[in-house]
Structure formats: C-alpha cells, structure tokens
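*Asks:* Got a structure for you, written out below as structure tokens; questions coming shortly.
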Amino acid sequence: MLALFAACSLLLKFAVFVYMTGDLSPLAFADRICLWDCRWFGKVAQGYEVGLPTNRNGEANWAFFPLYPLLVKAVAMLTTLPWTAAGVLVSQVLGILAAGCARPLFGSQTRAYWLFAFGALLGPFSLLFSMPYSESLFILLTILVLVQLQRGDYLRAGAWAALLSATRVTGVLIGAAILLQAIIDYRRAGGAWRDLPRSFLSDNRLLLGLALVPLGLLGYMVYLRLWMGDGLAFAHVQVAWGRALDNPFIQFGIALHSGWPFKAHWDPFSTYAVGGLVAVVLTTLVALRGHYAAALFCFIALVLSFSAGLFSSVRFAAGLAPLGLVSAELIARRRWLSWSAYPIGLALGLLVVAGWISGRDFTMV
1 MLALFAACSL LLKFAVFVYM TGDLSPLAFA DRICLWDCRW FGKVAQGYEV GLPTNRNGEA
61 NWAFFPLYPL LVKAVAMLTT LPWTAAGVLV SQVLGILAAG CARPLFGSQT RAYWLFAFGA
121 LLGPFSLLFS MPYSESLFIL LTILVLVQLQ RGDYLRAGAW AALLSATRVT GVLIGAAILL
181 QAIIDYRRAG GAWRDLPRSF LSDNRLLLGL ALVPLGLLGY MVYLRLWMGD GLAFAHVQVA
241 WGRALDNPFI QFGIALHSGW PFKAHWDPFS TYAVGGLVAV VLTTLVALRG HYAAALFCFI
301 ALVLSFSAGL FSSVRFAAGL APLGLVSAEL IARRRWLSWS AYPIGLALGL LVVAGWISGR
361 DFTMV
C-alpha cells in the first residue's frame, strides 16, 4: 500500500508538471523540481569547495551536510541516472521507508497511522519525499531513533542518531531526547533520583549510545578542518545567506512586522511567521500528549533554526517527524475529520507542487 501511495504521488506530481509545461520528459520533471537547496546538494555530490567561496555572495556548499548528497551520488553511479533523477528516486524510497518504519509509534492507532502515511507520501508536504532535499532522510532517521527509544534500546538509537547528525546540523540535538527518555524510563521503573548518576554510569549501552550521537557531526567537522582549515565552516558560511544567530523572539518579530498581520497583502514572510507559530503549537501538543523526549528535540531544533531567522521555517517544521505524528493522532480522533483530511491533504499537496514548479511558492524554500 505504501508503494502504491508513493507511485500515485509521483505520477500526480508528474501530471501537474506536464499540465503546466507540456513537457513529457521525466528527466525534465526531475530537473524542474530541483530548486534552491537541491542545487547545492548537487554541488556537494561533486565535492566540497576549497579556498574562498567563488559565489559572488560568499555562499558555499560547506553549509550542507554530506550524508544525503553522498547517498544520492552512490545511487546515481549505480543506476547511471542523472543526479536529479537519482535524488527523486532516493527521496521517494526514503519516504516509503519512513512511513513503514513509523508504524510502531502509533500502536493500536491504525487510523492515525494511515493518515500519517498518506500525508507523508501524498499530503501537503509530500514534495519533500519527491525532490532531492535532505528532509526525506532526516525524517526517516528521526523516526528510527524514536522507534528505538520506544523499545528502550539507547545504543541503536544512538547509532541512528549518528547518521542523523551527518544529515543536518540539528540532528545532533536528538542526543538530548535520548538522555531525557533514559531518565523517564528510569523513573518509571521506580529508580530514585539519588541513584540515577550511578545507574547511568554503569549502563554501557546508554553511554555508548550517547557517545555515538555526535559522530556524524564531528566527522564532518574534522573533514572541513583538514580540507579547508575551518571545522565550523558550515556555520560560518551561513552569514552569506543572512542567517546569523540572534534571539529567536527578535526573529519572530522581524517576520511578523515584515508580513502578516501588519500588511494588507500576504507575502513569504507571512508564511514563515505563521509556519513558525504553528510549529511551536504542535511542539507543545507533542509534550501534552506525553511524548516529552520528542517534544524536547523539536523545541531545541526549532529554537536553533529560528535563532538564524524564520526563512524556511515551514520546511524545517515539516522535517520534524514528531510534529507530523502528533498531527495525524489529533486529526484521527474524529472519524469525519480524518476522512476529510485525505482529499484536502491531496489537493493542498498538488497546489504546493504547482506553486513550486511555477517558482512562486516559497513554502518549501
């Protein structure tokens, strides 16, 4: 069923492309949806830049972590597909895997699970699982970490988290979620606070799992240090995009003042501001439903992202798997609402694709 969802998703997106452009080439479709960061991932696959940035704005591909583009590059080499087509294939497969691996997180909530799976592959943000962006891998790895935490396997959670930290800079933050979940599990088992340090220090699987978390990030930092002399180049180059760290509340104020509700027209900043607010509300709901470790991960990931500005806030929020999980759970509480969500989600997904292909949709930028 998941493969059918994915196939329908890709065919519908391709149909929108054909309708808008008249081009029947699947390769042209893959090239057309490869916009913005996708092009940077393609440059990473060709190799990281050395020396001063050649881009006139000072931008460089050091800002983009290596795991996803290297995975796409490997598939492109094995299949002889162009990089963009290989990226579409990889993201689609990662979407199927993410939807399938999420099943244990829903327990007996079958209706919520199928709503989540449909939303991931055919819903408003399903484009993330069709275009060569790292969100597809990030979501899958986040789900794998959460599944292992649900099973109490901190070592395997740490192993998946190591890959997560090689995918995006916010991936390393899930280490805090692993630690919090370990504390919660310890207390639920009747452990006393005074014995917690000794218990944790004697838990080799927990310690090793936590030690594994930053390995992806550290490996990339070592590479940058040896290759170009700056282990934090991925952070320093963000200035070229105007993403210097600041107070996240100030960034919210900037976004709101630049758009809704202080202007009569809707612009991209309005979308970023509303998207950020919705993400905060959903994170609160994740915590209220008792998923404290997942909520902590979302909270600190959002704070870090918003501290650099709300640009891309909608895409960053859509890339946080717990927000999608809790959304599906809440919608599925009402049968009529869950059934209504299918056609509405599909329609919104196609509208996002049309906007993206036209170049006028900044939702996913």
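To convert, note that position 116 of the sequence shown is 116 in the numbering used here; the numbers rise steadily by one, no gaps.
From the three backbone atoms N, C-alpha and C, an ideal C-beta is built for every residue, glycine too.
All of these numbers come straight from a predicted model, not from anything done at the bench.
(1) Tell me whether Phe249 is buried or exposed, calling it buried when 16 or more other Cβ atoms sit within 10 Å of its Cβ.
(2) Would you report the Cα separation of Ala192 and Ala279, rounded to the nearest angstrom?
(3) Report the CB separation of Ala98 from Ile143 in whole angstroms; it is logged as a contact under 8 Å.
(4) Buried or exposed for Gly242, going by 16 or more other Cβ atoms inside 10 Å?
(5) Mapping the DSSP letters down to three states, classify Pro26 as helix, strand or coil.
(6) Would DSSP call Trp36 helix, strand or coil?
(7) To the nearest angstrom, how far is it from the Cα of Gly123 to the Cα of Asp37?
(8) Would you kindly report the start and end of the unbroken alpha helix (DSSP H) that includes Asp195?
(9) Taking only runs of the alpha helix (DSSP H) that begin and end inside the segment 297-331, which ones reach a length of at least 4 residues, in chain order?
(10) Would you identify the three-state DSSP class for His291, choosing helix, strand or coil?
(11) With distance defined between alpha-carbon atoms, name the residue in Trp160, Thr170, Leu35 and Val352 nearest to Phe299.
(12) At what residues does the alpha helix (DSSP H) containing Tyr223 begin and finish?
(13) What three-state label does DSSP hand Tyr154 in the structure shown?
(14) Less than 8 Å separating the beta-carbons of Phe29 and Phe14?
(15) Taking 7 Å as the limit between beta carbons, can you name the residues of its chain near Phe129, skipping five residues before and five after?
(16) Is Val213 near Gly158, with beta carbons less than 8 Å apart?
(17) Buried or exposed, going by whether 16 or more other CB atoms sit within 10 Å of the CB of Phe262?
(18) Keeping to the same chain, check which residues put their C-beta closer than 7 Å to that of Gly209; ignore five residues upstream and five downstream.
(19) Evaluate the contact criterion for the segment 306-314 versus the segment 273-287: three or more CB pairs, one atom per stretch, below 8 Å.
(20) What separation, rounded to the nearest whole angstrom, lies between the Cα atoms of Gly349 and His291?
(21) With the cut-off set at 8 Å, would you say Phe116 and Gly319 are in Cβ contact?
(22) Report buried or exposed for Tyr133, applying the criterion of at least 16 other Cβ atoms within 10 angstroms of its Cβ.
(23) What would DSSP say about Met131, mapped onto helix, strand or coil?
(24) Quick check: Phe65 and Ala166, are their CB atoms within less than 8 Å of each other?
(25) Beta carbon of Trp356, beta carbon of Leu173: below 8 Å?
(26) Suppose you measure from the CA of Ala85 to the CA of Leu71; what does that come to, to the nearest Å?
(27) Please identify the residue among Tyr68, Leu67, Glu49 and Pro69 whose C-alpha is closest to the C-alpha of Asn61.
(28) According to DSSP, is Met368 part of a helix, a strand, or is it coil?
(29) Are Val147 and Leu207 closer than 8 Å when you measure CB to CB?
(30) Just to confirm my understanding: we take Leu149, look at its own chain, exclude 5 residues before and 5 after, and list those with CB closer than 8 Å. What are they?
*Replies:* Based on what the coordinates show:
(1) exposed
(2) 35 Å
(3) 6 Å
(4) exposed
(5) helix
(6) coil
(7) 21 Å
(8) Counting along the chain, Asp195 falls outside any alpha helix (DSSP H), and DSSP gives it neither H nor E.
(9) 313-318 and 321-331
(10) coil
(11) Thr170
(12) Leu215 to Met228
(13) helix
(14) yes
(15) Ser91, Gln92, Leu94, Gly95, Ala120, Leu121 and Ser136
(16) yes
(17) Per-residue confidence for Phe262 stands at a pLDDT of 45, beneath the threshold of 50, marking its modelled position as unreliable; no derived number is given.
(18) Tyr154, Leu155, Ala157, Gly158 and Ile178
(19) yes
(20) 28 Å
(21) no
(22) buried
(23) coil
(24) yes
(25) no
(26) 13 Å
(27) Glu49
(28) The requested residue 368 is not part of the displayed model; the chain covers only 1 to 365.
(29) no
(30) Ala157, Ala177, Ile178, Gln181 and Ala293
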